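Below you'll find the structure, written out as structure tokens, and then a few comments.
Protein chains in written order, with the numbering used here: chain D, 149 to 358; chain P, 149 to 358.
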């Protein structure tokens, strides 16, 4: 074993491209990977657990976290604040654990600015416009107008694909999960992440590592 | 499907670390991957086939290939010349096929200088000095002196690990082959290799891709 630093795996996609399903299966299948828990000012919904689904804080506390630099990224969505606490992520990475982020392109840009060394970013694309529309429609009984708005939003989100390192065409869920796992397994043995490598090689060269 | 450019997968290791076995299994298990055929001035041995094992040429022809810039890398080993013809590699990459290179750190440095965009480099390490010595001994009934020379050469080769992108500790052959396949599958969907991506995304955004 060579000691390694963990990585931050970011999955982004327009809604309807399958990101949430891929994330869930990935967490089931992979050890050493956990989902980043966001902090938010939005009210807790029935069934949600503080510390599991979110860290629920009030607006004052959120602002304090921002001011103290305790958030790796944050954004306002529909009047509520959301952010990623730095502490738990740093702890995980330092102990060789990987962290999964289900965030949009704005969050990814902030992570890129604050933690690019540890970042592995994947953008998930739907296989076709028709399939994207089918998925957006099947979600609920929405009016054509609402679906059209979502399609326009998806087209806008898709325009941010050039900011990502890997591009995954999700035309088959099982294959897509395998592909993200391949990215994870490959990135884990990138030389820069193997912090124990110089010691290990010294042991190999002088025979002291046996 | 998004059209992609092929990649050059380089595996290097000190002898005895398992590179040749990993390469052979990889070629068996992976479509769209073929071994680069080297050109050499060394005499053909019984059973070797021109165009399959090597391209056998004389010293004059080899020098002409060097002068014309037809080799991606070349080196002199024990009085014979070896090199990688550029043409077949370029053709493979342009048609979305990957090429495997079983070369040392000197060849890798030249590929890095001539084709870094397409290069994916993996350095394979033995799990321990003891295991490396065991593997070097089991190869033949060599004297202690010969084994000691090989161990010294291996230590020297290992010192080049910082020139590689991925580091693979080969303590289990099946796991190692899986790990190299993960690298291959991940690198294939790196954004820069997906040359058909801008067209594909345009089709998604305006609905013309269906």
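Think of the CB as a built atom: it goes at the ideal place given N, C-alpha and C, for glycine as much as any other residue.
Because the structure is a prediction, the values reported are computed rather than measured.
Handout entry: residue 202 of chain P in three-state terms, based on DSSP
Key = Looking up residue 202 of chain P in the second chain gives position 54. DSSP places residue 202 of chain P in the strand class (E or B) of the three-state scheme.
Exercise for the section: Mind checking the stretch 295-310 of chain D against chain P and listing, in chain order, the residues whose C-beta falls within less than 8 Å of any C-beta there? Expected result: Answer in chain order: 303, 306, 307, 309, 310.
Practice task
Check each residue of the stretch 242-260 of chain D: if its Cβ is closer than 7 Å to any Cβ of chain P, include it; give the result in chain order.
Solution key: Nothing from the stretch 242-260 of chain D brings a Cβ to less than 7 Å from some Cβ of chain P.
Exercise for the section: Less than 8 Å between the CB atoms is what I'm expecting for residue 162 of chain D and residue 305 of chain D, so what's the real figure, rounded? Expected result: The residue you call residue 162 of chain D lines up with position 14 of the first chain. The residue you call residue 305 of chain D lines up with position 157 of the first chain. The beta-carbon distance between residue 162 of chain D and residue 305 of chain D, rounded to whole angstroms, is 4 Å. This is short enough to meet the 8 Å contact definition.
Handout entry: Proximity test, Cβ basis, 8 Å: residue 272 of chain D and chain P
Key = As a working note, residue 272 of chain D is residue 124 in the first chain. No, its Cβ sits nowhere closer than 8 Å to a Cβ of chain P.
Handout entry: Every unbroken beta strand (DSSP E) inside the stretch 225-312 of chain P [3 residues or more]
Key = With a minimum length of 3 residues, the continuous beta strand (DSSP E) runs that stay inside the stretch 225-312 of chain P are 228-233, 246-250, 267-273.
Practice task
Examine the Cβ distances between the stretch 263-274 of chain P and the stretch 165-172 of chain P and report whether three or more of them are shorter than 8 Å.
Solution key: With the cut-off at 8 Å, the stretch 263-274 of chain P and the stretch 165-172 of chain P touch.
Handout entry: Under 7 Å (Cβ pairs) to chain P, residues found in the stretch 344-356 of chain D
Key = Correct list: 345, 349, 352, 353, 355.
Handout entry: residue 311 of chain P to residue 332 of chain P span [Cα, whole Å]
Key = The residue labelled residue 311 of chain P in the question sits at position 163 within the second chain. The residue labelled residue 332 of chain P in the question sits at position 184 within the second chain. One C-alpha to the other measures close to 19 Å.
Handout entry: Identity of the residue in P/159, P/346, P/294, P/155 nearest residue 239 of chain P by Cα
Key = Start at 1 with the first residue of the second chain, and residue 239 of chain P comes out as number 91. If we check each option's Cα against that of residue 239 of chain P, P/155 comes out closest.
Practice task
Note down, in chain order, all residues in the stretch 211-227 of chain D with a beta-carbon under 7 Å from any beta-carbon belonging to chain P.
Solution key: Taking 7 Å as the Cβ-Cβ cut-off against chain P, none of the residues of the stretch 211-227 of chain D qualify.
Practice task
Compare the beta carbon distance of residue 187 of chain P and residue 149 of chain P with 8 Å and say whether it is the shorter of the two.
Solution key: Reading the second chain from its first residue, position 39 is the one you call residue 187 of chain P. Reading the second chain from its first residue, position 1 is the one you call residue 149 of chain P. Between residue 187 of chain P and residue 149 of chain P, the gap from beta carbon to beta carbon reaches 8 Å or more.
Problem - residue 156 of chain P, DSSP secondary structure in three states - result: Position 8 of the second chain, counted from the first residue, corresponds to residue 156 of chain P. Strand.
Problem - Exposure of residue 160 of chain P, with buried meaning 16 or more beta-carbon neighbours within 10 Å - result: The sequence position of residue 160 of chain P within the second chain is 12, counting from 1. The residue in question, residue 160 of chain P, is buried, as its Cβ has 16 or more Cβ neighbours within 10 Å.
Practice task
Would you mind telling me which residues of chain P sit closer than 8 Å to residue 314 of chain D, beta carbon to beta carbon, in chain order?
Solution key: Taking the first residue of the first chain as position 1, residue 314 of chain D is located at position 166. Per Cβ cutoff of 8 Å: 334, 337, 338, 339.
Exercise for the section: Using three-state DSSP, classify residue 343 of chain D as helix, strand or coil. Expected result: On the first chain, position 195 is the one that residue 343 of chain D refers to. Here residue 343 of chain D sits in coil by DSSP.
Practice task
Give me the Cα-Cα distance between residue 317 of chain P and residue 176 of chain D, rounded to the nearest whole angstrom.
Solution key: For the purposes of this step, residue 317 of chain P is identified with residue 169 of the second chain, where counting begins at 1. For the purposes of this step, residue 176 of chain D is identified with residue 28 of the first chain, where counting begins at 1. Cα to Cα, the separation comes out at about 26 Å.
Problem - With 16 other Cβ atoms within 10 Å as the buried cut-off, status of residue 197 of chain P - result: In the second chain, counting from the first residue as 1, residue 197 of chain P sits at position 49. Counting C-beta atoms within 10 angstroms of its own C-beta, residue 197 of chain P has fewer than 16 neighbours from the protein chains shown and is therefore classed as exposed.
Exercise for the section: Just the C-alpha distance for residue 209 of chain P and residue 262 of chain P, rounded to the nearest angstrom, thanks. Expected result: Taking the first residue of the second chain as position 1, residue 209 of chain P is located at position 61. Taking the first residue of the second chain as position 1, residue 262 of chain P is located at position 114. Going from the Cα of residue 209 of chain P to the Cα of residue 262 of chain P covers about 21 Å.
Practice task
Pick helix, strand or coil for residue 330 of chain D, following the three-state DSSP scheme.
Solution key: Position 182 of the first chain, counted from the start, is the residue given in the question as residue 330 of chain D. Annotated three-state conformation of residue 330 of chain D is helix, per DSSP.
Problem - Among D/351, D/346, D/343, D/328, the one whose alpha carbon lies nearest that of residue 178 of chain D - result: The residue you call residue 178 of chain D lines up with position 30 of the first chain. Ranking D/351, D/346, D/343, D/328 by Cα distance to residue 178 of chain D puts D/328 first.
Exercise for the section: Report the three-state DSSP secondary structure of residue 223 of chain D (helix, strand or coil). Expected result: Your numbering for residue 223 of chain D matches position 75 in the first chain. In this structure, DSSP gives residue 223 of chain D an extended state, which the three-state scheme calls strand.
Problem - From D/314, D/337, D/319, D/268, residue whose alpha carbon lies closest to that of residue 313 of chain P - result: By one-based count along the second chain, residue 313 of chain P stands at place 165. Comparing Cα positions, the closest option is D/337.
Handout entry: Closest by C-alpha distance to residue 352 of chain P, when choosing among D/307, D/157, D/244, D/199
Key = Translated into the one-based positions of the second chain, residue 352 of chain P becomes position 204. Looking at the Cα atoms, D/307 is the closest of the given residues.
Practice task
With residue 171 of chain D as the anchor, note down where its beta strand (DSSP E) starts and where it stops.
Solution key: Counting from one through the first chain, the residue named residue 171 of chain D turns up at place 23. Taken as a continuous stretch (DSSP letters only), residue 171 of chain D belongs to no beta strand (DSSP E), being part of the alpha helix (DSSP H) at 167-177.
Problem - Below-8 Å beta-carbon distance, residue 170 of chain D vs any chain P residue - result: Taking the first residue of the first chain as position 1, residue 170 of chain D is located at position 22. Any Cβ of chain P closer than 8 Å to the Cβ of residue 170 of chain D would place that residue at the interface, and such an atom is absent.
Exercise for the section: Rounded to whole angstroms, what's the CA-CA distance from residue 295 of chain P to residue 355 of chain D? Just pull it up for me. Expected result: For the purposes of this step, residue 295 of chain P is taken as residue 147 along the second chain, with counting starting at 1. For the purposes of this step, residue 355 of chain D is taken as residue 207 along the first chain, with counting starting at 1. C-alpha separation (whole angstroms): 14 Å.
Practice task
Pull out every residue of the stretch 314-330 of chain P whose Cβ sits closer than 7 Å to any Cβ of chain D, in chain order.
Solution key: Hits within the stretch, in order: 314, 315, 316, 317, 327, 330.
Handout entry: Any chain D beta carbon closer than 8 Å to residue 185 of chain P
Key = In the second chain, residue 185 of chain P corresponds to position 37, counting from 1. Chain D contact via Cβ: absent.
Practice task
With residue 209 of chain D as the anchor, note down where its alpha helix (DSSP H) starts and where it stops.
Solution key: Position 61 of the first chain, counted from the start, is the residue given in the question as residue 209 of chain D. Unbroken alpha helix (DSSP H) run through residue 209 of chain D: 207-215.
Handout entry: Segment contact flag, the stretch 247-263 of chain D with the stretch 219-227 of chain D, C-beta cutoff 8 Å, min 3 pairs
Key = Contact between the stretch 247-263 of chain D and the stretch 219-227 of chain D is present: 3 or more CB-CB pairs across the two stretches fall below 8 Å.
Exercise for the section: Go ahead and label residue 195 of chain D buried or exposed: buried means 16 or more other beta carbons lie within 10 angstroms of its beta carbon, across all protein chains shown. Expected result: Sequence index remark: in the first chain, residue 195 of chain D carries index 47 (1-based). By the C-beta density criterion, residue 195 of chain D is exposed, having fewer than 16 other C-beta atoms within 10 angstroms.
Exercise for the section: Indicate whether at least one CB of chain P lies closer than 8 Å to the CB of residue 157 of chain D. Expected result: Mapped onto the first chain, residue 157 of chain D falls at position 9. Output row for residue 157 of chain D: interface = no.
Handout entry: Alpha carbon of residue 192 of chain D to alpha carbon of residue 325 of chain D, nearest angstrom
Key = Here residue 192 of chain D refers to the residue found at position 44 when the first chain is read from its first residue. Here residue 325 of chain D refers to the residue found at position 177 when the first chain is read from its first residue. Straight across, the Cα-Cα distance linking residue 192 of chain D with residue 325 of chain D is about 30 Å.
Exercise for the section: Would you mind reading off the limits of the beta strand (DSSP E) that contains residue 182 of chain P? Expected result: Counting from 1 along the second chain, the entry for residue 182 of chain P is found at position 34. The continuous beta strand (DSSP E) containing residue 182 of chain P extends over residues 181-183.
Exercise for the section: Run down chain D in chain order and give the residues with a C-beta less than 9 Å from the C-beta of residue 277 of chain P. Expected result: The residue labelled residue 277 of chain P in the question sits at position 129 within the second chain. Ordered by position in chain D, the residues that pass the 9 Å Cβ test against residue 277 of chain P are 351, 352, 353, 354, 355, 356, 357, 358.
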